[in-house]
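Undergrad: Below you will find the structure I want to go over with you.
In this note's numbering, the protein residues as written are 290 to 427.
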């Protein structure tokens, strides 16, 4: 192995293959960030296409993947809407129970959550959900 100063002002040196590996890792990280953004954009378009075509089951599958790539309240709202439109109320309830922090930040997600409880005739759960979120006396 050839030792070369890396960086040039460093006292010691690093093996060339170590330096190349570090450079490659930097390139890979940039590629992963780019791929991540491309995946998110591409998935968003595919979900939109499914929803526009009325294929909510496929839209839900793609939206779930979108939430894995980029978890956010907006993406979970898209996912929840697809599940609701597809009539998958129990699955919607279970997803939103797992993603409670997004539900608290989004009134639309909260309403979808409550409507799903009503659809599966879980009135007590719906009331508990609303009581937990709404301030006393409202």
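Virtual Cβ for every residue (Gly too), placed ideally from N, Cα, C.
These numbers come from a predicted model, not from an experiment.
So what's residue 370 in DSSP terms, helix, strand or just coil?
TA: By 1-based counting over the chain shown, the position of residue 370 is 81. Looking at residue 370 - three-state DSSP - the assignment turns out to be helix.
Undergrad: Look at the alpha carbon of residue 411 and the alpha carbon of residue 359, and state the distance between them as a whole number of angstroms.
TA: By 1-based counting over the chain shown, the position of residue 411 is 122. By 1-based counting over the chain shown, the position of residue 359 is 70. Their Cα atoms are separated by approximately 31 Å.
Undergrad: Taking only the alpha-carbon atoms, compute the straight-line gap between residue 367 and residue 352 and give it to the nearest angstrom.
TA: By 1-based counting over the chain shown, the position of residue 367 is 78. By 1-based counting over the chain shown, the position of residue 352 is 63. The alpha-carbon atoms of residue 367 and residue 352 are separated by roughly 7 Å.
Undergrad: Give a yes or no on whether the C-beta atoms belonging to residue 406 and residue 362 are separated by under 7 Å.
TA: If you number the chain shown from 1, residue 406 lands on position 117. If you number the chain shown from 1, residue 362 lands on position 73. No, the Cβ-Cβ distance between residue 406 and residue 362 is not below 7 Å.
Undergrad: Classify residue 319 as helix, strand or coil using the three-state DSSP reduction.
TA: Working through the chain shown from its first residue, we reach residue 319 at position 30. When secondary structure is reduced to three states using DSSP, residue 319 falls in the helix class.
Undergrad: Just curious, the alpha helix (DSSP H) that residue 386 is in, first and last residue?
TA: Translated into positions along the chain shown, residue 386 becomes position 97. Segment 378-387, the alpha helix (DSSP H) holding residue 386.
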